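Trainee: Residues 1270 to 1485 (our numbering) make up the sequence shown, in order. One structure, pasted below without further comment.
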Amino acid sequence: MTLLELIKLIRKHLALVVALPIVCAVATAAFAWLALPNQYSSSVSMYVLTKASAEGSLASTDLSASQQLANDVATLITDERVAEDTASALQMDSLKGYKISVASESTTRIVTLTVTGESAQSVAIIANQLAATTDSVAQEVMDVQAINAINEAKEPAAPSGPPRAMYTAVAFLAGIFLAVAIVVVIDMVNTRVRSAEEAEELLGLPVIGRIPTIKG
């Protein structure tokens, strides 16, 4: 099938090609705005203070080790023990339902943790408690002087997700591809000869006569 033939098919089934993407987009938008709850995110940044830096003797090798230690702290934040201790401190059964993500730059000792959940107030409280719990656990099990919170997690004023507009746009594009696929399949399964030109092409013989359509 050539591009020109595909364009002709799309024009022939234009109603389907237009309607299906709109239906997909509207259905997805309705689900995203009515069924999916808002997600809120709150972040806190922490500075990993090693014993060497606390004593004021920070050589280049110490700096490299400190940066590696920051990566270890980033891994520690997502450990089950930290989550359990945080939940216990907040008198919660668990942190289930909350997503905890951690970012650590390779050239600094700053670690940023972000808590995402359905409650704007809760994500800020959990983020701050996670920072405090990480500090105590890291001092116990790692060679860390302290993990100081640079800023306090604040209650977010607006939701951070879900990306409803993106979902709607993706559904619209998917509807277009689906509509075009349906049009192509319909054309492929339709084996009727629809014109004299098709008959000549299929049979390799010229058309010597036509039977007119009788109306009435």
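Virtual Cβ for every residue (Gly too), placed ideally from N, Cα, C. Nothing here was measured: the structure is a model prediction, and the numbers come from that model.
Is it buried or exposed, residue 1373, if we count other Cβ atoms within 10 angstroms and call 16 or more buried?
Mentor: In the sequence shown, residue 1373 corresponds to position 104, counting from 1. Buried: at least 16 other Cβ atoms inside 10 Å.
Trainee: CB-CB under 8 Å to residue 1266, same chain, minus the five flanking residues each way: which ones, in chain order?
Mentor: Residue numbering for the chain in the displayed model covers 1270 to 1485; residue 1266 lies beyond these limits and cannot be assessed.
Trainee: Could you give the distance in angstroms between the alpha-carbon of residue 1486 and the alpha-carbon of residue 1277?
Mentor: Nothing can be reported for residue 1486: it is not among the residues displayed for the chain, which extend from 1270 to 1485.
Trainee: Count the other CB atoms within 10 Å of the CB of residue 1378; is the residue buried (16 or more) or exposed (fewer)?
Mentor: Translated into positions along the sequence shown, residue 1378 becomes position 109. Residue 1378 should be labelled buried.
Trainee: Which residue from 1452, 1383 and 1429 puts its Cα closest to that of residue 1421?
Mentor: As a first step, residue 1421 is located in the sequence shown; it is residue number 152 there, counting from the start. Of the residues 1452, 1383 and 1429, the one whose Cα lies closest to the Cα of residue 1421 is 1383.
Trainee: Tell me which same chain residues have a C-beta within less than 6 Å of the C-beta of residue 1436, skipping the five on either side of it?
Mentor: As a first step, residue 1436 is located in the sequence shown; it is residue number 167 there, counting from the start. Excluding positions up to five away in sequence, the list reads 1297 and 1301.
Trainee: Below 7 Å, is the gap between the Cβ of residue 1455 and the nearest heavy atom of the ligand ZN?
Mentor: Summarising the ligand content, the structure contains no ligands, and the ligand ZN is consequently not present.
Trainee: Residue range of the beta strand (DSSP E) that residue 1368 falls in?
Mentor: The count along the sequence shown starts at 1 and reaches residue 1368 at position 99. Taken as a continuous stretch (DSSP letters only), the beta strand (DSSP E) holding residue 1368 covers 1368-1373.
Trainee: Do you know offhand how far residue 1270's Cα is from residue 1288's?
Mentor: Stepping through the sequence shown from its first residue, residue 1270 is reached at position 1. Stepping through the sequence shown from its first residue, residue 1288 is reached at position 19. Distance between the alpha carbons of residue 1270 and residue 1288 is about 24 Å.
Trainee: One question on the structure: do residue 1286 and residue 1343 come within less than 8 Å of each other, judged by their Cβ atoms?
Mentor: Position 17 of the sequence shown, counting from 1, holds the residue named residue 1286. Position 74 of the sequence shown, counting from 1, holds the residue named residue 1343. Not closer than 8 Å, so no.
Trainee: Compute the Euclidean distance between the alpha carbons of residue 1328 and residue 1336, then round it to the nearest angstrom.
Mentor: The residue labelled residue 1328 in the question sits at position 59 within the sequence shown. The residue labelled residue 1336 in the question sits at position 67 within the sequence shown. With a pLDDT of only 49 at residue 1328, under 50, the local geometry of the prediction cannot be trusted, and no value is derived from it.
Trainee: Using CA coordinates, which residue listed in 1425, 1308, 1445 and 1371 is at the minimum distance from residue 1400?
Mentor: The residue given as residue 1400 occupies position 131 in the sequence shown. Measuring from the Cα of residue 1400, the nearest candidate turns out to be 1371.
Trainee: Per the contact definition of three or more C-beta pairs closer than 8 Å, is the stretch 1308-1315 in contact with the stretch 1445-1455?
Mentor: As far as the Cβ criterion goes, the stretch 1445-1455 does not touch the stretch 1308-1315, which means the pair count is below three.
Trainee: Could you tell me how far apart the beta carbons of residue 1426 and residue 1416 are, in whole angstroms, since I believe they sit closer than 8 Å?
Mentor: In the sequence shown, residue 1426 corresponds to position 157, counting from 1. In the sequence shown, residue 1416 corresponds to position 147, counting from 1. Contact flag wrong, Cβ pair sits at about 27 Å.
Trainee: Cα separation between residue 1475 and residue 1449?
Mentor: Position 206 of the sequence shown, counted from the start, is the residue given in the question as residue 1475. Position 180 of the sequence shown, counted from the start, is the residue given in the question as residue 1449. Answer to the nearest angstrom: the Cα atoms are 33 Å apart.
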